[in-house]
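*Asks:*
Protein chains: 2
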Amino acid sequence: MDFIKHYVALIQSEIHQLDLPDTPETLYEPQRYILRSKAKRVRPVLTLIAAGMCGKPIEKSLPAAIAVELVHNFSLIHDDIMDQAESRRGNQTVHIKWDASTAILSGDGMLIQALLQLHKLAPEIDHKKINHVFLEGINRVCEGQALDMEFEDRLDVNTEEYLNMISGKTAALIAVSMEMGGICANADSYKIDTLREIGYSLGIAFQIQDDILDVTADPEKFGKRKGGDIYEGKKTYLMLQALELSNKVEKKWLSKCLQNKPIQKTDVKKIIDLYDKYGIPAKAESIMNGYYEKAEKALHTFEDSEYKGDLSKLINYLRNREF
Amino acid sequence: MDFIKHYVALIQSEIHQLDLPDTPETLYEPQRYILRSKAKRVRPVLTLIAAGMCGKPIEKSLPAAIAVELVHNFSLIHDDIMDQAESRRGNQTVHIKWDASTAILSGDGMLIQALLQLHKLAPEIDHKKINHVFLEGINRVCEGQALDMEFEDRLDVNTEEYLNMISGKTAALIAVSMEMGGICANADSYKIDTLREIGYSLGIAFQIQDDILDVTADPEKFGKRKGGDIYEGKKTYLMLQALELSNKVEKKWLSKCLQNKPIQKTDVKKIIDLYDKYGIPAKAESIMNGYYEKAEKALHTFEDSEYKGDLSKLINYLRNREF
Numbered sequence: 250m251d252f253i254k255h256y257v258a259l260i261q262s263e264i265h266q267l268d269l270p271d272t273p274e275t276l277y278e279p280q281r282y283i284l285r286s287k288a289k290r291v292r293p294v295l296t297l298i299a300a301g302m303c304g305k306p307i308e309k310s311l312p313a314a315i316a317v318e319l320v321h322n323f324s325l326i327h328d329d330i331m332d333q334a335e336s337r338r339g340n341q342t343v344h345i346k347w348d349a350s351t352a353i354l355s356g357d358g359m360l361i362q363a364l365l366q367l368h369k370l371a372p373e374i375d376h377k378k379i380n381h382v383f384l385e386g387i388n389r390v391c392e393g394q395a396l397d398m399e400f401e402d403r404l405d406v407n408t409e410e411y412l413n414m415i416s417g418k419t420a421a422l423i424a425v426s427m428e429m430g431g432i433c434a435n436a437d438s439y440k441i442d443t444l445r446e447i448g449y450s451l452g453i454a455f456q457i458q459d460d461i462l463d464v465t466a467d468p469e470k471f472g473k474r475k476g477g478d479i480y481e482g483k484k485t486y487l488m489l490q491a492l493e494l495s496n497k498v499e500k501k502w503l504s505k506c507l508q509n510k511p512i513q514k515t516d517v518k519k520i521i522d523l524y525d526k527y528g529i530p531a532k533a534e535s536i537m538n539g540y541y542e543k544a545e546k547a548l549h550t551f552e553d554s555e556y557k558g559d560l561s562k563l564i565n566y567l568r569n570r571e572f
Numbered sequence: 250m251d252f253i254k255h256y257v258a259l260i261q262s263e264i265h266q267l268d269l270p271d272t273p274e275t276l277y278e279p280q281r282y283i284l285r286s287k288a289k290r291v292r293p294v295l296t297l298i299a300a301g302m303c304g305k306p307i308e309k310s311l312p313a314a315i316a317v318e319l320v321h322n323f324s325l326i327h328d329d330i331m332d333q334a335e336s337r338r339g340n341q342t343v344h345i346k347w348d349a350s351t352a353i354l355s356g357d358g359m360l361i362q363a364l365l366q367l368h369k370l371a372p373e374i375d376h377k378k379i380n381h382v383f384l385e386g387i388n389r390v391c392e393g394q395a396l397d398m399e400f401e402d403r404l405d406v407n408t409e410e411y412l413n414m415i416s417g418k419t420a421a422l423i424a425v426s427m428e429m430g431g432i433c434a435n436a437d438s439y440k441i442d443t444l445r446e447i448g449y450s451l452g453i454a455f456q457i458q459d460d461i462l463d464v465t466a467d468p469e470k471f472g473k474r475k476g477g478d479i480y481e482g483k484k485t486y487l488m489l490q491a492l493e494l495s496n497k498v499e500k501k502w503l504s505k506c507l508q509n510k511p512i513q514k515t516d517v518k519k520i521i522d523l524y525d526k527y528g529i530p531a532k533a534e535s536i537m538n539g540y541y542e543k544a545e546k547a548l549h550t551f552e553d554s555e556y557k558g559d560l561s562k563l564i565n566y567l568r569n570r571e572f
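And the structure:
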């Protein structure tokens, strides 16, 4: 992703300069730790690009970009406790390296730091508006995470509910990343709405793609074992389609599998076969492509610029990713 | 506390009208649950009184008052997980009634709801300023909680460090409660600073008093067993004084007790005797009184009013509480 290198460099330099105090160590060191880990910084890049697309110097939106990245990392720290995840980006998760209490508290602190970033924005930027958009977005992320946890114990989740869940859990923060870029550029409300919509489309496409890659990607490149979501019995787009499209006998068996997590290796293979029998990965891919295309089309709202070109390249890059 | 009844009624009515969505249930029901539990609402009352003392209708500050109460409850939900507390205000704690994941997430959501409250303030109130003061205050609370956890494994905590810890953990939110009332009333910066200082003094006095009541209060009235903090080996003001004032042999024994938590009943009794030997409860009471007096004296900054009278009564009530 050479074409976003200079955006990432700007973000890395800003993160490097974050003036987190030295003490209390158990509050700030976990925050520094997760920010040091290798990350793609896609969300803050989208903020910068959105500001650029609205004709303002991208540097104006840097505090908002950092705010988004901090919220993303806050949610990773807390989600990793809930998911009992032991590693993240090749490092131990915060609650493993320290403990759950330290992870809860440093996550809380990081959320506050994120909101404090918005106070670094230039005075001509509407602080009240951007703060409100940000808070509503973070609340949508919390709602998405809650729905995801509720789905774990349910077998009757439908596709609409799934889309609503990922709109919160994955897409809301991406939407907010773009919307905040537009607000930093004092763009008109039509452009701001369009940026948010592009973000939602990208986020939903990205999540469905993740669900597909779980069964189609080269596990070496993807960094997760093949069918990892199936082992965990996750209600992915593919799993919900399988529950919807399979015949009575298959559905009964699949439901039984989902009630006895983790799912056994032989059953995981059978479930992948079931996906193929009903052409589910291809169907999911077509849905995913619809969202990527929606995002791409919405770019017409904006005048041509290097930023618009970069976003188009980024959409293309994400769409064709194999891991 | 009859003289604060009408403030509490106003706050209860506002909390009752909070428009939290019905779903996702696991995000919002724990928030409703903790807000339904019996609580004194001291912090939001202080916000209303502070606004009144600065000559504005107290209703103007209601959203800020509610914001403070929501943050207080957010911190209770998360602290109870960290402290593994099983009950709170006579009810099961959120992480016991549901589970730790639900408690982490609903706490996060409640923090966001608190910040969203500030968007309900009238447009003439400086949103950016009040948001900043609030965030810095919440961050101080996080710092205090981190220090408190760090103190658990240390034997060399001094009184200055202890005061810094409770300034964050207990006093910062009380200080912010009062400061925000002043900001809602568009008070001048001298008055706002004074309100914050009163809040800090009250908060510190309140916490030292809690430490004292742990060994002096009637356990029936206090609702906690006598010496509860000692059983847990907490670094209270009294314990730190005991470590500082006791002779070599006593100090060695006390340190050994603190390294083998929970402390045994016979040792708890001996520690209370040690406190008495060095006149520690009386000494702590004198420090506490100093802070209450500092708060009382600062009231001179404000013109006489029913609100100032109510705050004076409240300070007096707190100072003389026996549980």
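Protein chains in written order, with my numbering: chain D, 250 to 572; chain B, 250 to 572.
Built from N, CA and C at the ideal position, the CB exists for glycine as well.
(1) Considering just the uninterrupted stretch of the alpha helix (DSSP H) at V406 of chain D, what are its terminal residues?
(2) Is the CB of C391 of chain B under 9 Å away from at least one CB in chain D?
(3) Quick one: does M427 of chain B have its CB under 9 Å from some CB of chain D?
(4) Looking only at its own chain, which residues have a Cβ that is under 6 Å from the Cβ of I264 of chain B, when we skip the five neighbours before and after it?
(5) Find the residues of chain B that neighbour T275 of chain D, judging by a C-beta separation of less than 7 Å, and give them in chain order.
(6) Please look up how many angstroms separate the CB atoms of L370 of chain D and L360 of chain B, rounded, as I've assumed it's under 8 Å.
(7) With a threshold of 8 Å on Cβ separation, who are the neighbours of Q341 of chain B within its own chain once the five nearest residues in sequence on each side are excluded?
(8) Identify whether R570 of chain B lies in helix, strand or coil by the three-state DSSP scheme.
(9) Look at the Cβ atom of R574 of chain D, then the Cβ atom of I326 of chain D, and state whether they are nearer than 9 Å.
(10) Enumerate in chain order the residues of its own chain whose CB-to-CB distance from R281 of chain D is below 7 Å, with the five nearest sequence positions on each side excluded.
(11) Which residues share a DSSP beta bridge with R337 of chain D?
(12) Does the segment 419 to 438 of chain B come close enough to the segment 463 to 476 of chain B that 3 or more CB-CB pairs lie under 8 Å?
(13) Would you report the Cα separation of L242 of chain B and N569 of chain D, rounded to the nearest angstrom?
(14) What residues from chain B crowd round K418 of chain D, counting only those whose CB sits closer than 8 Å?
(15) Cβ atoms of W347 of chain D and P279 of chain D: under 9 Å apart, would you say?
(16) Below 8 Å on C-beta distance, what does I330 of chain D contact in chain B?
(17) With distance defined between alpha-carbon atoms, name the residue in B:G393, B:A395 and B:L367 nearest to V382 of chain B.
(18) Hey, A300 of chain D and K309 of chain D are a contact pair by Cβ (cut 8 Å); roughly how many whole angstroms apart?
(19) A371 of chain D lies in the alpha helix (DSSP H); which residues open and close that run?
(20) Could you tell me whether the Cβ of Q362 of chain D comes closer than 9 Å to any Cβ of chain B?
(21) Using a C-beta to C-beta distance shorter than 7 Å, which residues of chain D count as neighbours of N380 of chain B?
(22) Got a sec: which bits of the segment 430 to 443 of chain D sit with their beta carbon under 9 Å from any beta carbon on chain B, in order along the chain?
(23) Closer than 9 Å, CB to CB, is E385 of chain B near chain D or not?
(24) To the nearest angstrom, how far is the alpha carbon of K484 of chain D from that of N496 of chain D?
(25) Return the CA-CA distance between S450 of chain D and R474 of chain D, expressed in angstroms with no decimal places.
(26) Which whole-angstrom value is the C-beta distance of I457 of chain B and M537 of chain B, which I expect to be below 8 Å?
(27) Consult DSSP for I457 of chain D and reduce its assignment to one of helix, strand or coil.
(28) Going by DSSP, what residue range makes up the alpha helix (DSSP H) through D631 of chain B?
(29) Counting only Cβ pairs nearer than 9 Å, list the residues of chain B close to K369 of chain D.
(30) Please report whether the beta-carbon of H197 of chain B lies at a distance below 9 Å from any beta-carbon of chain D.
(31) Put C355 of chain B into one of helix, strand or coil per three-state DSSP.
(32) Measure from the alpha carbon of A352 of chain D to the alpha carbon of each residue in D:R445, D:D328 and D:G386, then state which is nearest.
(33) Suppose you measure from the CA of G356 of chain B to the CA of S350 of chain D; what does that come to, to the nearest Å?
(34) Got a sec, what are the start and stop residues for the alpha helix (DSSP H) G539 of chain D sits in?
(35) Is there a Cβ from chain D that is less than 9 Å from the Cβ of G558 of chain B?
*Replies:* Looking at the coordinates:
(1) Counting along the chain, V406 of chain D falls outside any alpha helix (DSSP H), and DSSP gives it neither H nor E.
(2) yes
(3) no
(4) L284
(5) A395, M398 and E399
(6) 21 Å between Cβ atoms; not a contact.
(7) E335
(8) coil
(9) No statement about residue 574 of chain D is possible, as the shown extent of chain D runs from 250 to 572 and does not include it.
(10) L269
(11) D:N340
(12) no
(13) Nothing can be reported for residue 242 of chain B, as the shown portion of chain B is limited to 250 through 572.
(14) Result: empty, since nearest Cβ-Cβ is about 11 Å, beyond 8 Å.
(15) yes
(16) A349, S350 and I353
(17) B:L367
(18) 6 Å
(19) Unbroken run through A371 of chain D: none, as it is neither H nor E.
(20) yes
(21) N380
(22) none
(23) yes
(24) 18 Å
(25) 27 Å
(26) 4 Å
(27) helix
(28) Outside the modelled stretch of chain B, which goes from 250 to 572, sits residue 631 of chain B, for which no answer is possible.
(29) Near K369 of chain D there are no residues of chain B at all, since even the closest Cβ is about 11 Å away, more than 9 Å.
(30) Nothing in the structure corresponds to residue 197 of chain B, since chain B is present only between 250 and 572.
(31) Residue identity differs from the one stated: residue 355 of chain B is Ser in this sequence, not Cys. Helix at S355 of chain B.
(32) D:D328
(33) 13 Å
(34) I529 to A547
(35) no
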